[in-house]
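First residue of the sequence shown? That's 17 in full-length UniProt numbering, and the numbers climb one at a time after it.
This report concerns only the one structure given below.
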Amino acid sequence: VKDWNGIDQIVLKVPSGASARVSLHGGQLISWRNEKGEELLFTSSKAIFKPPKAMRGGIPICFPQFGNCGTLEQHGFARNRIWSIDKDLLPLNTNSKVECGMAAVNLILKPTDDDLRSWPHCFEFRLRITLSMEGHLSITSRVRNVDGKAFSFSFAYHTYLSVSDISEVRIEGLETLDYLDNLSQKERFTEQGDAITFESEVDRVYVRSPNVIAVLDHEKKRTFLIRKDGLPDTVVWNPWEKKSRLMADLGDEEYKQMLCVDAAAIEKPITLKPNEEWTGRLELSSVPSTCCHDH
Ligand code: TA6
């Protein structure tokens with residue numbers, strides 16, 4: 017299918033009715049619907065669908081850097097490039113295939129000459145997105161150093177979860193961890209002992225976080241399970257009201273319906289020697305919340 021800019025999108029569907037939609041622009045997941053057709057990722061109603069800027073929402077990929085340091089654009093260039101379908105991995109006649117009950121697509125990104133001018137390291141970034149029969153999403157990034165010298169990068173799956181009301185959301189799994197607080201010059205703090213809840217702007221990198229994190233949406237009685245591998249850190253971000261008003265591509269009140277919980281590798285960038293390959297894997301599922309914690 018074509019998107020708003022005539023850029024190819026790939027739609028993954030499974031018989032249960034779950035679906036996912038990937039744009040070749042940025043290799044960005046822009047939709048993930050469960051078997052009831054409910055959208056599980058947040059997309060801003062004021063998203064600007066104009067490359068090279070990434071669309072606000074879904075799961076943009078932050079590579080080769082997370083954040084705003086040095087010469088690269090904020091969160092690196094990968095989310096602002098057109099990716100290709102990795103034909104080496106798929107039969108030529110399809111851009112996605114259903115195998116053992118799941119739908120899958122493989123994309124690939126290599127640096128442009130412009131990219132090499134701003135980040136002089138040759139890499140091959142293979143992205144594999146699969147949707148299981150039950151509607152579970154898995155995203156695997158494999159970055160290979162095809163350069164003559166070692167290089168380092170930071171990375172995040174910048175995941176915008178759709179929530180009903182941010183003040184009714186809690187995160188379990190990050191208790192007692194250290195975090196770097198972006199709102200106070202990345203100063204290091206330690207999280208207290210119970211679940212994280214939200215009543216103001218939050219912009220933190222929890223370091224060395226566990227590989228399973230739960231995001232409980234009280235109102236929708238729904239829990240997102242986030243499983244990650246090769247991604248030791250977890251970014252938690254909600255811009256809240258004041259910052260939202262300053263963002264042209266986010267509705268003033270929409271901070272209430274979104275929460276970024278990004279599986280990431282930030283505190284300790286990943287270093288690859290020539291021909292070495294790194295794998296970062298994210299699995300997302302959404303399950304009914306059996307126990308509804310009272311606050
Ligand atoms: O998620 C953490 C963060 O770095 C925030 O500080 C905020 O800038 C957010 O990413 C969004 O970045 P973007 O470039 O997508 O607007």
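Glycine included, C-beta positions come from ideal geometry on N, C-alpha and C.
Put residue i into one of helix, strand or coil per three-state DSSP.
i	result
S168	strand
K284	strand
D310	Here the model assigns D310 a pLDDT of 47, short of 50, so the residue's position is not dependable, and the following value carries that caveat. If DSSP states are grouped into helix, strand and coil, D310 belongs with coil.
R49	strand
Q25	strand
residue 347	The structure shown has nothing for residue 347, since the chain only spans 17 to 311.
A94	helix
N227	coil
L262	coil
S183	helix
Could you give the C-beta distance for residue i and residue j, rounded to a whole number, given that I count them as a contact under 8 Å?
i	j	result
S302	L57	Rounded, the Cβ-Cβ distance is 10 Å, inconsistent with contact.
R72	D265	4 Å
I145	L300	Actually they are not in contact, since the Cβ atoms of I145 and L300 sit about 11 Å apart, beyond 8 Å.
F169	P80	4 Å
G189	V228	6 Å
I77	Y195	With a Cβ gap of about 22 Å, I77 and Y195 do not count as contacting.
T295	S157	7 Å
Please go through the same chain and pick out, in chain order, the residues whose beta-carbon is closer than 7 Å to the beta-carbon of residue i, but skip the five residues on each side of it.
i	result
K289	N161, A166
A63	M71, R72, G73, D265
D102	N122, L123, I124, R142
With a threshold of 6 Å, establish whether the CB of residue i neighbours any heavy atom of the ligand TA6.
i	result
H234	no
D24	no
H152	no
H137	no
V179	no
Q44	no
Q90	yes
V185	no
V251	yes
N198	yes
D219	yes
Once the 5 residues before and after residue i are set aside, which same chain residues still bring their CB inside 6 Å of it?
i	result
E292	N161
S154	T146, E299
E184	H234, E235
D24	L40
A279	Y173, K244, L247, L298
W256	S216, E217, Y271
Is it the case that the CB of residue i approaches a heavy atom of the ligand ZN more closely than 6 Å?
i	result
C85	As far as ligands go, the structure on display features the ligand TA6 and does not contain the ligand ZN.
Does chain D have any CB closer than 7 Å to the CB of residue i?
i	result
E140	Looking at the structure shown, chain D is missing, and only one protein chain is on hand.
Near residue i, what residues of its chain come up, given a Cβ to Cβ distance below 8 Å and the 5 sequence neighbours on each side ignored?
i	result
T287	A166, F167, S168
G209	E191, T192
Requested in this report: Take every Cβ of the segment 265-273, pair it with every Cβ of the segment 170-185, and state whether three or more of those distances are shorter than 8 Å.
Outcome: Output reads yes: the segment 170-185 touches the segment 265-273.
Query raised in the report: With a cut-off of 8 Å, do at least 3 Cβ pairs link the segment 205-221 to the segment 250-265?
Result: Flag = yes, the segment 205-221 and the segment 250-265 touch.
Query raised in the report: For the segment 92-103 against the segment 119-135, are there 3 or more C-beta pairs whose distance is under 8 Å?
Result: Contact holds: three or more Cβ-Cβ distances are below 8 Å.
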